[in-house]
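Structure first, commentary second.
This is the structure in structure tokens:
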């Protein structure tokens, strides 16, 4: 009998990416997570502006670099520079740390979407670009058609994949203030956009299980905590209770 | 005045065991937790199927082995093999990693209890066996008398101790879907079964405090996170607010 | 344009202190957190009585000492000795580990406030003293005027700063049993007492954001988990979504 693991993509992955959220790991902690989980981490985000306050940042970045791991700063850090109209300052920061990938988001600041698209295009001339849709706060539900428009426009502008926002606290982005996932919204988006162009932030175990049960082993998930990377990988392979039967049924 | 610490059992323990849940620690992280807490860890469970996706697993297992720590795979991994009717495959896996202890559970799969008993007996010929009662999901409250029947049957079949299920999320097993502990169920079980034959999964601080306040320092607790082992030990010794007065009153 | 970071105090700090809660880190984990965050940690509390059950405690304390970091035991440990009328035993413990700072609290035990004041004064002859106000449990809301009286009396007795209690679980101290912060109480206290004399326990991200948005970058916060120190520092500097706009508005 085939095991679900056989259906799982391997690195370098085009689908089924796991983006790990590093909120300030020390160099040794990076070595540790790579020791046990490097096969299951495709890209690393240094959460929001943590990079600017992390001691010995270069030392730890070199560990990621030597492991061939793509690293980018959280979108909030770009927003910090954008709202100060200092995109050049951000470029210099990326150059200084040899960062080759950038996340463009407007989760906190409010800018016209055309400006965000322009930012994606301009940064795309120098860097690999991903973008994020969904606001962190001031919840006013954006209708599905608008999500789809924005995602398509950002992809057309050069975004490798578009990330849907979801906060650690379980609210914001694709979640209601109550923390409940807008499942209908997700289904509308996946109906209109190829799922391989999407990554879903899934900071909690219940979100991780839901996305994997709904879309299979090879859905791309983001904001996975270092300590949860192996757990997410077991969910993808039907090796945890939450997905054990789902995969079995799918294959029998 | 006697301190609660004096009432606490020491390794090797028959009662008051702490089972640590390792969800994928790296070798160095295992060394670290043993450095600060090895006196307070009696047995280690590698959560569900994480062992199958953990890089450099043998290297970390050797750290546990050198410390004389018993290690077993989470019951879900056995269930993964059982539902594929591949018990031999599981035996080979345990042999490969020199695992000498096994958890038999049916938290996710549905099998006749007689089959679970048979599994405990067969594995008991080669390995130390513990078993777990309680389902992770599809909540339909099992009445106390049935819990007690199953626990007794599993003990009679050779289970060293029977573990009651409780999920990290606070639901499943002995907890209601709301996360509330079925305290009456626990009291019924402890009334009918010697508490030294039981281990209670207690993944949250509130469950840990409740069990220790209710049954004393030397209740066996499972699914304790590495970062919480010392906290649980302080609860057992009346060194944290939650149990400070309970022990004092009990002794004065 | 000035960045919020420029407004942030530097070590040695009189305001804007971050007190890190160490619940049993191993020596290497202490080295790691200091590597990435030593500029942002002003004082370290070894949570409640964890110090008494931590293996190789001296080894890790020497790492803090070499980094010039002030360390004290959690107030609950003093309460453990106070209720046994063994203040001398506590003094000996501090001497043994070369601890030069002490937290005086009555979060769990019930003693006349005059006795607490006396304890602050007596310990103040030998040690740096901080004190904590607020009970962990048995919730019966203490009115603001009483909080203010106690804080003033403890400051007058020699407490360097007074800490307001708030539990990890989000209840107790300045929080309602529901977990809701008593914001009116906090405002009353800050109206009556200079904020530089206060430290607020803020174990959760929502509490951290609230205090920083309300009182600015340089409010003193306590019970910050090692993994959250950098996150708190980004909040202080407007480098996370939750405070990004607040600081910008305040300065434009």
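Residue numbers (my numbering), protein chains in the order written: chain A, 24 to 275; chain B, 24 to 275; chain C, 24 to 275. Here a beta-carbon is modelled for each residue, glycine too, at the ideal position from N, C-alpha and C. This structure is a prediction, so every number in the text was calculated from the model and none was measured.
Check: Going by Cα to Cα distance, which pick from A:253, A:126, A:224, A:82 is closest to residue 73 of chain B?
Finding: In the second chain, the residue the question calls residue 73 of chain B occupies position 50. Comparing Cα-Cα distances from residue 73 of chain B to each of A:253, A:126, A:224, A:82, the minimum goes to A:253.
Note to self: Quick check on residue 267 of chain B - is its C-beta less than 7 angstroms from some C-beta in chain C?
What the structure shows: In the second chain, the residue the question calls residue 267 of chain B occupies position 244. For residue 267 of chain B, a Cβ of chain C is located within less than 7 angstroms of the residue's own Cβ.
Item checked: Beta-carbon neighbours of residue 41 of chain C, restricted to chain A and to distances below 8 angstroms -> Here residue 41 of chain C refers to the residue found at position 18 when the third chain is read from its first residue. Here the premise fails: no neighbours, minimum Cβ distance about 11 angstroms.
Next item on the list: Classify residue 42 of chain A as helix, strand or coil using the three-state DSSP reduction.
Entry: In the first chain, the residue the question calls residue 42 of chain A occupies position 19. If DSSP states are grouped into helix, strand and coil, residue 42 of chain A belongs with the strands.
Checklist line | Beta carbon proximity, residue 59 of chain C to chain A, threshold 7 angstroms | finding: The residue labelled residue 59 of chain C in the question sits at position 36 within the third chain. With respect to chain A, the C-beta atom of residue 59 of chain C has a partner C-beta closer than 7 angstroms.
Check: Do you know how far the Cα of residue 128 of chain C is from the Cα of residue 27 of chain A?
Finding: As a working mapping, residue 27 of chain A is identified with position 4 in the first chain. As a working mapping, residue 128 of chain C is identified with position 105 in the third chain. Unreliable placement is indicated for residue 27 of chain A, whose pLDDT of 49 sits below 50; the coordinate value is still reported in the next sentence. In this model, residue 27 of chain A and residue 128 of chain C are separated by some 54 angstroms (Cα to Cα).
Check: Along the region 84 to 103 of chain B, what residues have a CB closer than 8 angstroms to any CB found in chain A?
Finding: Near chain A, meaning a CB-to-CB distance below 8 angstroms, the residues of the region 84 to 103 of chain B are 99, 100, 102, 103.
Margin query: Quick check on this structure: which residue in B:165, B:184, B:238, B:61 has the alpha carbon closest to the alpha carbon of residue 89 of chain B?
Written below: Position 66 of the second chain, counted from the start, is the residue given in the question as residue 89 of chain B. Closest option to residue 89 of chain B, Cα to Cα, is B:61.
Margin query: How far does the beta strand (DSSP E) with residue 245 of chain A in it extend, from its first residue to its last?
Written below: Sequence index remark: in the first chain, residue 245 of chain A carries index 222 (1-based). Where residue 245 of chain A is concerned, the enclosing beta strand (DSSP E) stretches over 244 to 247.
Notebook entry, point to check: By DSSP, does residue 150 of chain A sit in helix, in strand, or in coil?
Noted result: On the first chain, residue 150 of chain A is found 127 positions in, with the first residue counted as 1. Coil, per DSSP.
Check: Mapping DSSP to helix, strand and coil, what is residue 86 of chain A?
Finding: If you number the first chain from 1, residue 86 of chain A lands on position 63. When secondary structure is reduced to three states using DSSP, residue 86 of chain A falls in the helix class.
Check: Looking at residue 188 of chain B and residue 155 of chain B, is the spacing between their C-beta atoms short of 7 angstroms?
Finding: Counted from its first residue, the second chain places residue 155 of chain B at position 132. Counted from its first residue, the second chain places residue 188 of chain B at position 165. Contact: yes.
Note to self: Under 7 angstroms, Cβ to Cβ, is there at least one residue of chain A near residue 79 of chain B?
What the structure shows: Here residue 79 of chain B corresponds to residue number 56 of the second chain, with the count starting at 1. Interface annotation, residue 79 of chain B: in contact with chain A, CB-CB separation under 7 angstroms.
Next item on the list: Tell me where the beta strand (DSSP E) around residue 228 of chain A begins and ends.
Entry: Working through the first chain from its first residue, we reach residue 228 of chain A at position 205. The continuous stretches of beta strand (DSSP E) do not include residue 228 of chain A, which lies in the alpha helix (DSSP H) extending over residues 228 to 238.
Checklist line | Option in B:83, B:103, B:179 with minimal Cα separation from residue 261 of chain A | finding: Residue numbering aside, residue 261 of chain A sits at position 238 when the first chain is read from its first letter. It is B:103.
Next item on the list: Could you spell out where the alpha helix (DSSP H) holding residue 168 of chain C opens and where it closes?
Entry: Here residue 168 of chain C refers to the residue found at position 145 of the third chain. Looking at the DSSP string, the run of the alpha helix (DSSP H) that includes residue 168 of chain C is 167 to 179.
Check: Nearest to residue 226 of chain C by CA position, among C:135, C:115, C:186, is which residue?
Finding: Here residue 226 of chain C refers to the residue found at position 203 when the third chain is read from its first residue. Taking the Cα of residue 226 of chain C as reference, the smallest distance to any Cα among C:135, C:115, C:186 is reached at C:186.
Check: Taking Cβ-Cβ distances below 8 angstroms as the criterion, which residues of the region 181 to 214 of chain B are in contact with chain A?
Finding: Residues passing the 8 angstroms Cβ filter: 191, 192.
Checklist line | Spatial neighbours of residue 275 of chain B in its chain, beta-carbon cut-off 7 angstroms, leaving aside the 5 residues before and after | finding: The sequence position of residue 275 of chain B within the second chain is 252, counting from 1. Only weak support is given to the placement of residue 275 of chain B: the predicted model assigns it a pLDDT of 42, under 50, and the value that follows is read from those uncertain coordinates. None.
Check: Are the C-beta atoms of residue 263 of chain C and some chain A residue less than 7 angstroms apart?
Finding: In the third chain, residue 263 of chain C corresponds to position 240, counting from 1. Yes, its Cβ sits closer than 7 angstroms to a Cβ of chain A.
Check: Using the beta-carbon of each residue, which ones in chain C are nearer than 8 angstroms to residue 56 of chain B?
Finding: As a working note, residue 56 of chain B is residue 33 in the second chain. Under the 8 angstroms cutoff, chain C gives 49.
Item checked: Proximity of residue 58 of chain C and residue 79 of chain A at Cβ, strictly below 7 angstroms -> Residue mapping note: residue 58 of chain C aligns to position 35 of the third chain, counting from 1. Residue mapping note: residue 79 of chain A aligns to position 56 of the first chain, counting from 1. Cβ distance < 7 angstroms, so residue 58 of chain C and residue 79 of chain A count as in contact.
Check: Does DSSP put residue 133 of chain C in a helix, a strand or coil?
Finding: In the third chain, residue 133 of chain C corresponds to position 110, counting from 1. Look at residue 133 of chain C here: in three-state DSSP terms it is coil, with no helix or strand label.
Check: Is the shortest distance between the beta-carbon of residue 253 of chain C and the beta-carbons of chain A less than 7 angstroms?
Finding: Along the third chain, read from residue 1 onward, the residue named residue 253 of chain C stands at position 230. Flagged as an interface residue toward chain A: residue 253 of chain C, by a C-beta distance shorter than 7 angstroms.
Margin query: How far does the alpha helix (DSSP H) with residue 95 of chain B in it extend, from its first residue to its last?
Written below: Residue 95 of chain B sits at position 72 when you count from the first residue of the second chain. From DSSP, residue 95 of chain B is part of no alpha helix (DSSP H) but of the beta strand (DSSP E) over 93 to 96.
Item checked: Residue burial classification, residue 256 of chain B (beta-carbon count within 10 angstroms, cutoff 16) -> Within the second chain, residue 256 of chain B is the residue found at index 233, counting from 1. In the assembly as shown, residue 256 of chain B is a buried residue. Its beta-carbon has 16 or more other beta-carbons within 10 Å.
Note to self: Given a cut-off of 7 angstroms on the beta-carbon distance, is the pair residue 158 of chain B and residue 130 of chain B in contact?
What the structure shows: Translated into positions along the second chain, residue 158 of chain B becomes position 135. Translated into positions along the second chain, residue 130 of chain B becomes position 107. Yes; because the gap between Cβ atoms is below 7 angstroms, this pair is in contact.
Check: Taking buried to mean at least 16 other C-beta atoms within 10 Å of its own C-beta, is residue 137 of chain C buried or exposed?
Finding: Walking along the third chain from the start, residue 137 of chain C turns up at place 114. Exposure of residue 137 of chain C is indicated by the presence of fewer than 16 other C-beta atoms within 10 angstroms of its C-beta.
Next item on the list: Specify, as a first and last residue, the run of the beta strand (DSSP E) that residue 186 of chain B falls within.
Entry: Taking the second chain and counting its residues from 1, the one referred to as residue 186 of chain B is at position 163. Membership of residue 186 of chain B in the beta strand (DSSP E) is indicated by the continuous run 185 to 187.
Checklist line | Three-state secondary structure (DSSP) of residue 204 of chain C | finding: Counting from one through the third chain, the residue named residue 204 of chain C turns up at place 181. Strand.
Note to self: Could you check whether the region 31 to 49 of chain B touches the region 65 to 72 of chain B, counting it as contact only if at least three pairs of C-beta atoms, one from each stretch, sit closer than 8 angstroms?
What the structure shows: By the criterion of at least three beta-carbon pairs nearer than 8 angstroms, the region 31 to 49 of chain B is in contact with the region 65 to 72 of chain B.
Item checked: Chain-ordered chain C contacts of residue 225 of chain B [CB-CB under 7 angstroms] -> On the second chain, residue 225 of chain B is found 202 positions in, with the first residue counted as 1. In chain order: nothing, as chain C lies at least about 15 angstroms away.
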